[in-house]
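These notes are about the structure you will find just below.
See the structure below:
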């Protein structure tokens, strides 16, 4: 792979030749021979003297703050390469696609489990606060057209209706018992009021008869009969009051039973909900991570611009985790190159010099040559350690000119 532009720094010499053919005569023959000898000497010197010559060197696209470097987090196997070096791209445009079969399979398995748990969680929350319907989680609603998710929703709704119906049936039976006890209490209350009225009348009669008996105007057995009746009423009132207490206790027990039934219903929901929430939190993280991983199998352009430094061009190639894939130079931004000039050629390179930049890696134009201009040359000699030993060079920064950018299609 060779993505490095080749730069040839060539000064533009101007030459002008003028030839004069003197007319020789017999008298001036010796002058002609002198001119011929001089001309031959000049040609020999010109052939040996070094004129301005091209300075070929390799260059790389310079790292610039406005340049967008695209890397891949996990890496993967290339399925499609949709751009070439130098292509103009738009923001969000797909540049490369990676194999996504394994990611899709993992995502689908986690998605089904996660959304099933979300549907269950929604049902348990509805039971917990005794809603009259289930309010499903937005993630479930977003997948409502999926037949599998529809089955999850239908299952939870059926379970919610079954459990709710059982609860309501139990509570209705308890309420019916409470109403029966309340009816008995009202009956006892009426009987007590009637007995008390009778008791007041008998007490009044008894009070009157006692005076008559003591004066001999009424028989004593009449007084005794009234006293017996008062005693019976007192006993009856005592029994009725006891029944009222027992009815009250029965009603309280029934209400407690209803409360316990509701509490047990919620307790079952709470216990299941605690387990489901833990599983949902775990699966939610995996679900979102896999969705992001699937999205990353399509490598997209971060901005409008031009593709430069395309590292991978082969379907089936492997991108390593964190490896640079390509760069995108934003539109209207200059393309800067860094060239290493050998020390013995530095005298031929200076700022402002026009250059030829050859992008040999362009598949559609392997010999593409555009115009560049030297912006700067390092003042000091730089050195770098290589497997072949230390290498010294001067660093030249070259910018592709507007005419060159136009040639590139930018």
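In our numbering, the protein residues as written are 11 to 420.
We put the CB at the ideal spot given by N, CA and C, even for glycine.
{"Asked": "Beta-carbon spacing of residue 367, residue 338 below 9 Å", "Found": "no"}
{"Asked": "Cβ-based burial, residue 227 [other Cβ within 10 Å; buried from 16]", "Found": "exposed"}
{"Asked": "Continuous beta strand (DSSP E) stretch holding residue 66: start and end", "Found": "65–71"}
{"Asked": "Residue ranges of each alpha helix (DSSP H) within the stretch 314–345, 4 or longer", "Found": "none"}
{"Asked": "Residue 57 in three-state terms, based on DSSP", "Found": "Reliability of the predicted coordinates at residue 57 is poor, the pLDDT of 30 falling under 50, and the value obtained from them is presented with this limitation in mind. Looking at residue 57 - three-state DSSP - the assignment turns out to be helix."}
{"Asked": "Boundaries (first-last residue) of the alpha helix (DSSP H) holding residue 80", "Found": "Not the alpha helix (DSSP H): residue 80 falls in the beta strand (DSSP E), residues 78–81."}
{"Asked": "Residue from 150, 382, 238 whose Cα sits closest to the Cα of residue 163", "Found": "150"}
{"Asked": "Distance CB(residue 425)-CB(residue 70) smaller than 9 Å", "Found": "No answer is possible for residue 425: the residues shown for the chain start at 11 and end at 420."}
{"Asked": "Sequence-distant residues of the same chain with beta carbon closer than 7 Å to residue 168, five excluded per side", "Found": "none"}
{"Asked": "Buried or exposed (CB count within 10 angstroms, at least 16 for buried), residue 93", "Found": "buried"}
{"Asked": "Whole-angstrom distance between residue 138 and residue 279, CA atom to CA atom", "Found": "6 Å"}
{"Asked": "Cβ distance (whole Å) where residue 321 is taken to contact residue 334 below 8 Å", "Found": "6 Å"}
{"Asked": "Nearest candidate by alpha-carbon position, reference residue 109, set 406, 309, 80", "Found": "309"}
{"Asked": "Contact belief for residue 423 with residue 369 at Cβ below 8 Å, rounded distance in angstroms", "Found": "Because the chain is modelled from 11 through 420, residue 423 falls outside the range shown and cannot be assessed."}
{"Asked": "Residue 383 - containing alpha helix (DSSP H), residue span", "Found": "Segment 378–387 is the beta strand (DSSP E) holding residue 383; no alpha helix (DSSP H) there."}
{"Asked": "First through last residue of the alpha helix (DSSP H) which encompasses residue 297", "Found": "230–305"}
{"Asked": "Range of the contiguous beta strand (DSSP E) that encloses residue 86", "Found": "86–91"}
{"Asked": "Buried or exposed (CB count within 10 angstroms, at least 16 for buried), residue 396", "Found": "exposed"}
{"Asked": "Residue from 82, 112, 85, 131 with nearest C-alpha to residue 284", "Found": "131"}
{"Asked": "Contact between the stretch 292–309 and the stretch 194–210 (3+ Cβ pairs under 8 Å)", "Found": "no"}
{"Asked": "Where residue 135 sits in the DSSP three-state scheme", "Found": "helix"}
{"Asked": "Collapsed DSSP secondary structure at residue 403 in the structure displayed", "Found": "strand"}
{"Asked": "Local conformation of residue 109 per DSSP, three classes", "Found": "coil"}
{"Asked": "Identity of the residue in 248, 210, 123 nearest residue 237 by Cα", "Found": "210"}
{"Asked": "is_contact[residue 146, chain B] using C-beta, thresh 9 Å", "Found": "This model lacks chain B altogether; it includes just one protein chain."}
{"Asked": "Residue 128, buried or exposed, once every other Cβ within 10 Å from all chains shown has been counted against 16", "Found": "buried"}
{"Asked": "Residue 325 burial status per 10 Å Cβ neighbour count (16 or more: buried)", "Found": "exposed"}
{"Asked": "Euclidean distance between Cα positions of residue 378 and residue 90", "Found": "25 Å"}
{"Asked": "Any 3 or more C-beta pairs closer than 8 Å across the stretch 247–262 and the stretch 213–223", "Found": "no"}
{"Asked": "Residue nearest to residue 87 in terms of C-alpha spacing, selected from 358, 323, 253", "Found": "323"}
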